[in-house]
Amino acid sequence: MKADQISKTAAFIAVKFYGLTRKAHFRSLFDDSVITFYERVVQSLPRPINYYQYWLNFDWVRRLYMWSEELLLPGDLLHIIARKYYIRQLIDELNNDEYQQIIVLGAGFDDLAFTYSQKGLSCFEIDVPRMARHKQEFLNQYYADFKHPEIISSYLKNSSHALPIDNIDPNKKTIIVAEGFFDYLHTDLVQGILDQIQHYFRSTPTLITTHFDLDELPLHHRWSFKTGVKTVGEELKLFQNITEFQNLLRASEFVIKELYNYRSMATELQQLTGTTLPMLKGFYLLKTN
Numbered sequence: 001m002k003a004d005q006i007s008k009t010a011a012f013i014a015v016k017f018y019g020l021t022r023k024a025h026f027r028s029l030f031d032d033s034v035i036t037f038y039e040r041v042v043q044s045l046p047r048p049i050n051y052y053q054y055w056l057n058f059d060w061v062r063r064l065y066m067w068s069e070e071l072l073l074p075g076d077l078l079h080i081i082a083r084k085y086y087i088r089q090l091i092d093e094l095n096n097d098e099y100q101q102i103i104v105l106g107a108g109f110d111d112l113a114f115t116y117s118q119k120g121l122s123c124f125e126i127d128v129p130r131m132a133r134h135k136q137e138f139l140n141q142y143y144a145d146f147k148h149p150e151i152i153s154s155y156l157k158n159s160s161h162a163l164p165i166d167n168i169d170p171n172k173k174t175i176i177v178a179e180g181f182f183d184y185l186h187t188d189l190v191q192g193i194l195d196q197i198q199h200y201f202r203s204t205p206t207l208i209t210t211h212f213d214l215d216e217l218p219l220h221h222r223w224s225f226k227t228g229v230k231t232v233g234e235e236l237k238l239f240q241n242i243t244e245f246q247n248l249l250r251a252s253e254f255v256i257k258e259l260y261n262y263r264s265m266a267t268e269l270q271q272l273t274g275t276t277l278p279m280l281k282g283f284y285l286l287k288t289n
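Rendered as structure tokens:
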């Protein structure tokens with residue numbers, strides 16, 4: 001993604017989450033404050049994307065939208081719910097273990113840093129300049145009287161770049177969230193970032209990260225996934241299967257403690273919500289250390 005553009009993949013993740021949580025069974029998985037946050041996010045998106053805020057309130061529009069999404073890439077919609085639900089569950093579990101700060105890499109329109117700022121943690125977002133500016137303007141407009149996370153702008157292009165974390169306390173017990181972040185970086189840059197994190201903090205942070213193993217998708221769904229990303233001006237760069245990605249983490253001494261696969265997440269969410277939506281094959285969520 002370019003430094004001077006708003007991420008359309010991030011925008012459509014927000015739109016999909018907003019549309020899905022119009023349904024009570026998905027809405028019940030999240031606090032009302034989270035639902036309100038995404039309603040406001042979609043309202044604040046550039047035209048014509050913000051029109052979804054109006055149209056997705058109609059059941060027939062949602063059904064048409066869901067049908068078309070599932071036709072192109074089955075499981076994509078439930079994977080949106082999964083990433084938002086399970087990352088929050090993991091942070092809540094860790095928050096009981098005296099963690100003091102959270103860093104969200106490539107935060108996009110996510111609410112995590114803002115939400116946990118209200119709970120007393122020091123929170124940071126790192127994103128490209130245009131996204132960082134938009135997020136700050138959004139928080140200033142809708143949450144002027146709330147505590148804001150610190151939003152840091154940075155554009156990472158190659159392995160010579162490093163995360164701008166020099167002003168973040170290396171002595172605090174830290175959670176780092178990389179939701180859909182590494183997918184858009186080449187392997188050498190991912191390795192450099194992992195090494196930087198490992199050496200900067202006094203104790204290794206807990207890393208929560210998503211990963212897509214595109215090899216597990218059927219060829220036509222893999223093409224749909226890649227094409228959808230390219231259509232909005234972005235590009236996937238980390239083409240590793242789940243074993244290779246785990247080895248990449250281990251090479252920087254991140255110890256994998258939990259691994260959620262799409263099958264287990266689908267089963268639990270289907271039981272919790274009564275949905276019959278499938279889960280996107282090849283989607284994983286990992287927690288280290």
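Heads up: the sequence shown at position 90 corresponds to 90 in our numbering, and the numbers run straight through without jumps.
Every residue gets a Cβ at the ideal spot worked out from N, C-alpha and C, and that includes glycine.
A quick note: this is a predicted structure, and the numbers were derived from the prediction, not measured.
Which residue comes first and which comes last in the beta strand (DSSP E) that contains residue i?
{"i": "residue 271", "result": "Segment 262 to 273 is the alpha helix (DSSP H) holding residue 271; no beta strand (DSSP E) there."}
{"i": "residue 287", "result": "283 to 288"}
{"i": "residue 212", "result": "206 to 212"}
{"i": "residue 124", "result": "122 to 127"}
{"i": "residue 177", "result": "174 to 178"}
{"i": "residue 150", "result": "150 to 153"}
{"i": "residue 101", "result": "101 to 105"}
What does the Cβ neighbour count give for residue i, buried or exposed, with the cut at 16 atoms within 10 Å?
{"i": "residue 271", "result": "exposed"}
{"i": "residue 170", "result": "exposed"}
{"i": "residue 89", "result": "exposed"}
{"i": "residue 149", "result": "buried"}
{"i": "residue 201", "result": "buried"}
{"i": "residue 255", "result": "exposed"}
{"i": "residue 75", "result": "buried"}
{"i": "residue 120", "result": "exposed"}
{"i": "residue 199", "result": "exposed"}
{"i": "residue 97", "result": "exposed"}
{"i": "residue 93", "result": "exposed"}
{"i": "residue 231", "result": "exposed"}
{"i": "residue 37", "result": "buried"}
{"i": "residue 209", "result": "buried"}
Residue i to residue j, Cα distance in whole Å?
{"i": "residue 260", "j": "residue 49", "result": "32 Å"}
{"i": "residue 135", "j": "residue 108", "result": "8 Å"}
{"i": "residue 183", "j": "residue 9", "result": "12 Å"}
{"i": "residue 253", "j": "residue 47", "result": "44 Å"}
{"i": "residue 115", "j": "residue 186", "result": "30 Å"}
{"i": "residue 280", "j": "residue 204", "result": "31 Å"}
{"i": "residue 51", "j": "residue 229", "result": "21 Å"}
{"i": "residue 265", "j": "residue 144", "result": "36 Å"}
{"i": "residue 32", "j": "residue 111", "result": "12 Å"}
{"i": "residue 165", "j": "residue 73", "result": "36 Å"}
{"i": "residue 257", "j": "residue 190", "result": "20 Å"}
{"i": "residue 67", "j": "residue 196", "result": "43 Å"}
{"i": "residue 163", "j": "residue 151", "result": "13 Å"}
{"i": "residue 17", "j": "residue 5", "result": "21 Å"}
{"i": "residue 83", "j": "residue 132", "result": "21 Å"}
{"i": "residue 63", "j": "residue 42", "result": "19 Å"}
{"i": "residue 71", "j": "residue 226", "result": "15 Å"}
{"i": "residue 122", "j": "residue 178", "result": "17 Å"}
{"i": "residue 247", "j": "residue 268", "result": "27 Å"}
{"i": "residue 239", "j": "residue 39", "result": "33 Å"}
Between residue i and residue j, how many whole angstroms is the CB-CB distance? I'm expecting something under 8 Å.
{"i": "residue 26", "j": "residue 81", "result": "6 Å"}
{"i": "residue 286", "j": "residue 211", "result": "7 Å"}
{"i": "residue 217", "j": "residue 282", "result": "5 Å"}
{"i": "residue 176", "j": "residue 156", "result": "That belief does not hold up - the Cβ atoms of residue 176 and residue 156 are roughly 15 Å apart, past 8 Å."}
Grab the span of the alpha helix (DSSP H) containing residue i for me, first residue to last.
{"i": "residue 186", "result": "Element bounds for residue 186: n/a, residue is neither H nor E."}
{"i": "residue 292", "result": "Given a span of 1 to 289 for the chain in the structure shown, any question on residue 292 remains unanswerable."}
{"i": "residue 24", "result": "24 to 27"}
Could one say the Cβ of residue i lies closer than 8 Å to chain B's Cβ atoms, at least one of them?
{"i": "residue 118", "result": "In the structure shown, chain B cannot be found, because there is only a single protein chain."}
Check whether the segment 266 to 280 and the segment 235 to 244 touch, using three or more Cβ-Cβ pairs below 8 Å as the test. no
Contact between the segment 167 to 181 and the segment 127 to 139 (3+ Cβ pairs under 8 Å): The count of Cβ pairs closer than 8 Å, one atom from the segment 167 to 181 and one from the segment 127 to 139, stays below three, leaving the stretches out of contact.
Across the segment 15 to 30 and the segment 48 to 64, are there enough close Cβ pairs to call them in contact, namely three or more that are closer than 8 Å? Contact between the segment 15 to 30 and the segment 48 to 64 is present, because at least three Cβ pairs lie under 8 Å.
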